[in-house]
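Participant: This note's numbering numbers the first residue of the sequence shown as 9 and each following residue consecutively. Yeah, the Cβ is synthetic: ideal placement off N, Cα and C, and Gly gets one too. Dropping a structure here in structure tokens format, bear with me for questions.
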Amino acid sequence: MLPLWYRNAIIYQVDPSLFRDANGDGLGDLAGVSERLEYLRGLGVTCLWLTPFYGSPFRDGGYDVTDHLAVDPRFGALPDFVALMAKAEELGLRVIIDLVVHHTSDRHPWFQAARRDRTSRYRDYYIWADTPEPTDEKPIFPTVEDSVWTWDEQAGQYYKHIFYSHEPDLDLGNPEVRQEAERIMDFWLRLGVSGFRVDAASHMIDSARSSDPADDGFWLLDDMRRFVSRRRADAVLLGEVDVPPCHYVDYFGRGDRLTLVLNFWLNNYLYLALARGKAEPLLRALAGQPDPPEGAQYALWLRNHDELDLERLSEDERREVMDCFAPDPDMRIYHRGIRRRLPPMLGGDQRRLALVHALLFSLPGTPILRYGEEIGMGDDLSLPERLAVRTAMQWSDEPGAGFSAARPERLAVPLIDSGPYDYRHVNVYAQSLDEDSLLTHTGKMIRARLGMREIGAGHCRPAAIECPQVLALRHELDGVAVLTLVNLGPEEVQFTLHDADCQHMTDVMADGPYDAPSGHPVRLRLRGYGYRWLRPRVAL
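Pasting the structure below:
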């Protein structure tokens, strides 16, 4: 049986355009990512997720693809990707990349051929209508697009797009389109990637269902998983699936569809728990989601490269989180989410930031860190839409933040050069010299997490305590139970742990020194915004 490497992985998401500029042109590139792989390995990361670096006009962060089989010149060339893969393999890092086959750019050669000629085979790659067909589907970006249909003068028809109007949807019911998707996956698998983050996975199922309702459209994931597994048996499919949790089972299948599902449900309730300073929302969310089948798992994160989408909360709960973390209307987006990074949302409170990172690594599933989270980078609300959280990585206090040697006017995005998240104050170099920095604490958490396979691969249930501020989780694997505790409140608490098999525990990691657990049943203490991970004492 293949080792399920992703069960105990730490994934680090990198936008190549914003991570490191190796050639000084102001844009991040693949060579720049390669230069920083040792940093990721030293942090404890085991898997790198690269967001799109394909040919693209880059109107949507590279998710508007014009050539799926090429590296966009702004990032370098294919040999740069091959070199990155070789170095990652040498360091023991796996690499996954985005698979963007729900739509293309309107500048893609397929779409250009389709709009020119109704008899072109590429016409059937997309979805057309003489008049906009009624649909329950709404634009993903409601404040930007008012319809999922756009008139194309050259084609003389409307084309469908769930996302931006410059991103026409592909018709995944067309066998030729699916063959193109397989060709794309095969190409990158042969270059060594360990799998794909499947962009817009739930929308892909909607497209498949509309053309062939068999198995409610999930035949598409069956086919994709079979294809990928035949090429590389240990490759993963990490799906972007923002649906009610009762539907997660369909995306997992019997463990033979998506390998990992991005858990939007738990992410929403994490922020509700933070807003209230109570564990109940997280306990409710954990109880309300299905257990993944054998061989599958949830993937968890604090913030991704998009807005913090709060659609899984009730209207009142969403308002509560918004009022707490996005009181200014400019901090909100699309009538449903927040366009801020976590540190400004928490007022820069370093104790609380460390606590939330400990919470991420305590939850059952595979954790994902977005670049810059480990140092507490801020956002730039002067940038439009989701770009507010897409700022350049802050490596040092030197000009260009260590991101680029280019002049400021040539940079991909303006640097954060004022306020509490100024790159001169928040950067990797400064924090690497500080034993009490967020970077130092995050690195310790990651390395401790890698040594506690019970969290990633075990069975999780709430531990028996009576303290509403504390999320206490018991993770068990192969008969061994470990305990993770996080105090979501600002005040110190003491409580009794009633689990009979967790009475003889010792600290593995904590926010600071604590006295050894004592008493029977055992009494435990946590500082405000404190955290402790414990495992059974070794009998001598």
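1) When the Cβ atoms of the stretch 301–308 are set against those of the stretch 257–274, are three or more pairs found closer than 8 Å?
2) In the stretch 137–215, which residue ranges form an unbroken beta strand (DSSP E) of at least 3 residues, counting only runs that do not cross its ends?
3) Along the chain, which unbroken stretches of the beta strand (DSSP E) at least 3 residues long are found entirely within the stretch 389–475?
4) Only counting runs of 3 or more residues, tell me where the beta strand (DSSP E) segments fall wholly within the stretch 497–524, in order along the chain.
5) Report yes if the C-beta distance between residue 379 and residue 27 is below 8 Å; otherwise report no.
6) Below 6 Å CB to CB, which residues in the same chain sit around residue 538 once its five sequence neighbours on both sides are set aside?
7) Secondary structure at residue 289, three-state DSSP: helix, strand or coil?
8) Based on Cα-Cα distance, which residue from 337, 387 and 464 lies nearest to residue 426?
9) Taking just the CA atoms, how far does residue 398 sit from residue 415?
10) Could you say if the stretch 421–435 and the stretch 448–455 meet the contact criterion of at least three C-beta pairs nearer than 8 Å?
11) I'd like the list of long-range same chain contacts for residue 445, defined as Cβ closer than 6 Å, with 5 residues on each side in sequence excluded.
12) Does the beta-carbon of residue 55 have 16 or more other beta-carbons within 10 angstroms, so that it is buried, or is it exposed?
13) Compute the Euclidean distance between the alpha carbons of residue 497 and residue 469, then round it to the nearest angstrom.
14) Within a Cβ cutoff of 8 Å, which residues of the same chain sit near residue 197, ignoring the five residues on either side of it in sequence?
15) Quick check on residue 526: does DSSP put it in helix, strand or coil?
16) Any idea what DSSP makes of residue 245, helix, strand or coil?
17) Secondary structure at residue 3, three-state DSSP: helix, strand or coil?
18) Let's test the definition: count the other Cβ atoms within 10 Å of the Cβ of residue 146 and tell me whether it reaches 16, buried, or not, exposed.
19) Quick one: give me the first and last residue of the beta strand (DSSP E) that residue 481 is part of.
20) Go through the stretch 45–128 residue by residue and report every complete run of the beta strand (DSSP E) that reaches 3 residues or more, in order.
21) Could you pull out every residue in the same chain whose Cβ sits closer than 8 Å to the Cβ of residue 184, ignoring the five residues on either side in sequence?
22) Tell me the residue span of the beta strand (DSSP E) that contains residue 297.
23) So who's on the other strand from residue 375, going by DSSP bridges?
24) Can you name the residues that DSSP bridges to residue 531?
25) Does DSSP classify residue 275 as helix, strand or coil?
26) Within the continuous alpha helix (DSSP H) that includes residue 489, where are the two ends?
27) Could you tell me the distance, in whole angstroms, from the CA atom of residue 536 to the CA atom of residue 194?
28) Buried or exposed: residue 292, going by 16 or more other Cβ atoms within 10 Å of its Cβ?
29) Which residue wins for smallest C-alpha separation from residue 106, given the options 170, 228, 97 and 70?
30) Measure the alpha-carbon distance for residue 408 versus residue 315 and round it to whole angstroms.
31) If I measure Cβ to Cβ from residue 285 and keep anything under 8 Å in the same chain, skipping five residues before and after, which residues do I get?
32) Following the continuous beta strand (DSSP E) through residue 545, name the residue where it begins and the one where it ends.
33) In this structure, what does DSSP give as the bridge partners for residue 317?
34) Report yes if the C-beta distance between residue 374 and residue 96 is below 8 Å; otherwise report no.
35) Considering only the beta carbon of each residue, do residue 513 and residue 543 sit closer than 8 Å?
36) Pull up the distance between the alpha-carbon of residue 421 and that of residue 152, whole angstroms please.
Facilitator: Quick answer:
1) yes
2) 157–160, 165–168 and 203–206
3) 467–470
4) 501–504 and 513–518
5) yes
6) 495 and 519
7) helix
8) 387
9) So the two alpha carbons sit approximately 19 Å from each other.
10) no
11) Within its own chain, the residues whose Cβ lies closer than 6 Å to the Cβ of residue 445, once the five positions on either side in sequence are excluded, are 439, listed in chain order.
12) Taking all protein chains shown into account, residue 55 has 16 or more neighbouring C-beta atoms within 10 Å of its C-beta and is therefore buried.
13) 21 Å
14) 236, 239, 240 and 243
15) strand
16) strand
17) Any question about residue 3 goes unanswered here, given that the chain covers just 9 to 548.
18) exposed
19) 478–485
20) 55–58, 75–79 and 102–107
21) 129, 132 and 133
22) Neither: residue 297 is in no beta strand (DSSP E) and is coded neither H nor E.
23) 308
24) 504 and 526
25) helix
26) Run containing residue 489: none in the alpha helix (DSSP H); it sits in the beta strand (DSSP E), 488–495.
27) 50 Å
28) exposed
29) For residue 106, the nearest C-alpha among the options comes from 70.
30) 26 Å
31) The residues are 477, 496, 497 and 498.
32) In the DSSP annotation of this structure, residue 545 is not part of any beta strand (DSSP E), being labelled neither H nor E.
33) Looking at the DSSP assignment, residue 317 forms a beta bridge with 345.
34) no
35) yes
36) 21 Å
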